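First comes the structure, then the notes that go with it.
There are 2 protein chains.
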Amino acid sequence: VSGPGELEVIERIRRLLSPLGGAAEVGIGDDAAVVAEPDGGALLLTADVLVAGVHFDLALSDPSDVGWKAVVANVSDIAAMGGEPLYALVTLVVPPGFALSGLYEGLAESAGAYGVQVVGGDLSAGNELCVSIALTGRCPRCPPVFRSGARAGDVIFVTGPLGASAAGLRLLRAGESSGACVEAHRRPVARVAEGIAAATAGATAMIDISDGLATDLRHLAAASGVGARLEEVPVAPGADLEEALTGGEDYQLLFSAPDPAAVQAAFEAARLRPPLAVGVCVQDPIELTLAGEPLAGRGYEHNLTW
Amino acid sequence: VSGPGELEVIERIRRLLSPLGGAAEVGIGDDAAVVAEPDGGALLLTADVLVAGVHFDLALSDPSDVGWKAVVANVSDIAAMGGEPLYALVTLVVPPGFALSGLYEGLAESAGAYGVQVVGGDLSAGNELCVSIALTGRCPRCPPVFRSGARAGDVIFVTGPLGASAAGLRLLRAGESSGACVEAHRRPVARVAEGIAAATAGATAMIDISDGLATDLRHLAAASGVGARLEEVPVAPGADLEEALTGGEDYQLLFSAPDPAAVQAAFEAARLRPPLAVGVCVQDPIELTLAGEPLAGRGYEHNLTW
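Here the protein sequences line up with chains A and B, keeping their order. This note's numbering runs 21 ahead of the 1-based position in the first sequence. This note's numbering runs 21 ahead of the 1-based position in the second sequence.
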């Protein structure tokens with residue numbers, strides 16, 4: 022018997038909880054929730070969990086890599102709003118005998134790299150390792166960028182080539198232990214400066230590519246009520262097109278913006294590698310194509326029961 | 022081989038992460054972290070996880086009770102700072118076939134009861150049910166109350182009798198399914214209004230009794246560098262003294278304050294049941310006594326490896 026699927030479950034959760042109302046500008050469903058601050062600013066709140074055997078394999082990943090990636094996955098959600106990460110709460114469920122020091126070393130490295138302060142969390146014994154992080158951020162200059170603002174005619178950008186992390190996992194499984202793709206899988210990078218540059222340049226919608234370009238573009242297009250016509254997809258060296266389309270965890274940003282010249286100027290001013298124009302938003306929300314062909318790939322959904 | 026113990030592990034985590042510095046007024050170790058807001062206010066951040074088989078037993082607790090308690094455990098940490106809860110991120114790790122609706126119904130009830138808005142979170146498949154919540158709050162009127170401000174001579178208060186939840190768990194295990202103690206275990210109450218009243222009345226230190234009075238008093242005294250001389254412990258009807266001393270999850274608040282009249286007045290003004298004076302803080306940090314006898318009970322520590 023097939024369950025309702027993760028997206029449908031999230032929709033049911035949203036319906037159950039939405040009567041509570043409140044002050045959040047946007048809640049469940051974007052990369053991060055946005056709530057108003059007393060001074061008129063926007064506070065960003067996000068949470069991401071990594072579970073052993075689901076999101077990582079300790080036979081292939083060092084515990085310090087898991088700690089690193091757990092922070093990056095959350096920082097990337099803040100980056101996708103055009104925000105800066107600030108404070109993390111780190112909650113661990115730890116199986117018997119699992120040594121914590123390596124995982125916290127990776128967490129500390131990553132937190133240091135992104136200027137994140139770990140201010141608390143929780144620890145519990147359990148049977149399987151879970152790393153659950155909640156991260157608070159702020160939008161420094163611009164209003165936050167949601168998934169939902171793309172309009173027909175906007176140009177679609179990605180901040181870099183895709184598929185390196187998926188290729189790295191394939192290589193690790195084949196026994197490789199080094200190289201750029203393996204490194205991309207072990208130590209992914211969140212694009213905070215790129216997110217701010219995109220927001221500055223008037224990005225209308227943004228999402229981080231954590232589930233694969235095909236899936237995350239679908240999310241952005243659906244939230245915005247537009248379609249998307251991709252011309253080509255930049256494939257990372259060592260990866261193949263399938264990995265570039267469906268591999269998550271590259272944490273590149275995908276965004277739409279009406280003015281490509283403004284985008285190039287903002288990235289140049291921030292001394293960032295220019296983002297890659299990959300296509301255009303179109304009126305028809307049914308259209309999701311790459312070089313004229315329908316874009317496949319629904320992405321991974323956890324099997325859940327309501 | 023015995024591990025370093027949970028408190029020692031938390032101390033090592035704190036040492037590993039503290040070089041990162043930053044703007045937090047207080048981070049790891051209090052009920053909630055306190056970070057400064059741009060308008061000069063104080064944002065409170067806390068996280069708590071409940072794990073099946075560790076914190077609850079689905080043979081004894083309905084999933085909706087687990088959802089309720091997961092919110093309350095976090096709200097109580099905000100209450101213990103004198104704060105008001107605002108926004109929750111709910112992250113679930115869900116074993117195959119576990120139906121989510123009941124748990125989210127309990128979450129929604131509890132969030133509604135405490136004015137908490139669930140703004141996001143994460144969902145993952147896994148092998149054991151984990152409910153990990155991160156909660157943001159604010160201090161509405163007074164500065165937050167830490168664990169560390171108690172001084173010799175301060176009177177020690179609890180907001181109500183203790184042990185009902187532990188007695189309820191004992192009764193559930195014995196096959197009972199109703200009554201005040203069972204209800205106290207299934208649907209514990211967080212003391213938000215009481216925490217604000219205590220802060221208003223000049224409380225010098227505060228903690229929620231989640232691990233048992235003996236343990237949580239020890240935490241408060243150690244953080245403040247004082248001892249504590251208890252005269253008597255208010256035992257909830259149906260509970261015994263041992264349950265009142267060591268049973269967690271009553272979520273009553275324990276606080277110290279120099280002016281008992283101000284405390285009574287603040288609780289009366291807020292139309293709250295008056296808190297119970299149970300003892301006094303003393304100079305000698307070694308002294309932790311109840312009616313002249315050493316207070317036993319280190320409380321539960323998860324077995325962790327560093």
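Every residue gets a Cβ at the ideal spot worked out from N, C-alpha and C, and that includes glycine. For clarity, every value in this text was computed on a predicted model and none was experimentally measured.
Can you tell me where the alpha helix (DSSP H) holding Glu27 of chain B begins and where it ends?
Taken as a continuous stretch (DSSP letters only), the alpha helix (DSSP H) holding Glu27 of chain B covers Glu27 to Leu38.
Does the CB of Thr326 of chain B have a neighbour CB from chain A at under 8 Å?
It does: the Cβ of Thr326 of chain B has a partner Cβ on chain A nearer than 8 Å.
Work out the CA separation of Val87 of chain B and His206 of chain B for me, nearest whole Å.
Computed Cα separation, rounded: 10 Å.
Considering only residues of the same chain and omitting the five flanking positions on each side of Ala211 of chain A, which have a CB-CB separation below 7 Å?
So the qualifying residues of the chain are Val93, Val96, Ser97, Ala100, Tyr135 and Tyr272.
Please look up how many angstroms separate the CB atoms of Ala242 of chain A and Gly248 of chain A, rounded, as I've assumed it's under 8 Å.
Rounded, the Cβ-Cβ distance is 6 Å, consistent with contact.
Would a C-beta distance cut-off of 8 Å place Ala298 of chain B and Pro281 of chain B closer than the cut-off?
In contact: Ala298 of chain B and Pro281 of chain B (Cβ atoms closer than 8 Å).
Would Thr329 of chain A count as contacting chain B if we go by Cβ distances under 8 Å?
One cannot answer for residue 329 of chain A here, as it falls past the ends of chain A, which runs 22 to 327.
Thinking just about the alpha-carbon of each residue, which of B:Ile228, B:Glu204 and B:Arg208 is nearest to the one in Glu215 of chain B?
Of B:Ile228, B:Glu204 and B:Arg208, the residue nearest in Cα terms is B:Ile228.
Using a C-beta to C-beta distance shorter than 8 Å, which residues of chain A count as neighbours of Glu126 of chain B?
The answer, in chain order, is Leu37.
Please return the same chain residues whose Cβ sits closer than 7 Å to the Cβ of Ile34 of chain B, not counting the five positions on each side in sequence.
Around Ile34 of chain B: Ile49.
State the start and end residues of the unbroken beta strand (DSSP E) segment that holds Gly158 of chain B.
Cys151 to Arg159 is the span of the beta strand (DSSP E), which, as asked, contains Gly158 of chain B.
Within the 8 Å Cβ cut-off, does Val72 of chain A reach chain B?
It does: the Cβ of Val72 of chain A has a partner Cβ on chain B nearer than 8 Å.
Mapping DSSP to helix, strand and coil, what is Tyr135 of chain B?
Coil at Tyr135 of chain B, not helix or strand.
When DSSP labels each residue in this structure, what does Thr225 of chain B get in the three-state scheme?
Thr225 of chain B falls in the coil class under three-state DSSP.
So what's Gly104 of chain B in DSSP terms, helix, strand or just coil?
Reduced to three states, the DSSP call for Gly104 of chain B is coil.
Could you give the distance in angstroms between the alpha-carbon of Ser85 of chain B and the alpha-carbon of Ala120 of chain B?
In a straight line, the C-alpha of Ser85 of chain B is about 11 Å away from that of Ala120 of chain B.
Ignoring anything shorter than 4 residues or poking outside the stretch 168-242 of chain B, list the alpha helix (DSSP H) runs there in chain order.
The qualifying runs are 185-194, 201-207 and 213-221.
Can you confirm whether Asp69 of chain B, when its beta carbon is compared against all beta carbons of chain A, has any partner nearer than 8 Å?
For Asp69 of chain B, the answer is yes, since a Cβ of chain A falls inside 8 Å of its Cβ.
If you reduce the DSSP assignment to three classes, tell me which class Val22 of chain B lands in.
Any reading at Val22 of chain B must be qualified, since the residue scores a pLDDT of 39, below 50, and its modelled position is unreliable; no value is offered.
Flag Pro59 of chain A as yes if its beta-carbon sits less than 8 Å from any beta-carbon of chain B, otherwise no.
With 8 Å as the cut-off, Pro59 of chain A counts as an interface residue toward chain B.
Are the Cβ atoms of Val114 of chain A and Val55 of chain B separated by less than 8 Å?
In this structure, Val55 of chain B does not lie closer than 8 Å to Val114 of chain A by Cβ.
Taking all protein chains shown into account, do 16 or more other C-beta atoms lie within 10 angstroms of the C-beta of Ala226 of chain A, making it buried, or fewer, making it exposed?
It counts as buried.
Taking CB distances under 8 Å as the criterion, tell me whether Ile34 of chain B reaches chain A.
True, the Cβ-Cβ gap to chain A drops below 8 Å.
Between A:Ala80, A:Glu126, A:Leu64 and A:Gly103, which has its C-alpha nearest Ala91 of chain A's C-alpha?
Closest by alpha carbon: A:Glu126.
To the nearest angstrom, how far is the alpha carbon of Leu316 of chain A from that of Val75 of chain B?
The alpha-carbon atoms of Leu316 of chain A and Val75 of chain B are separated by roughly 45 Å.
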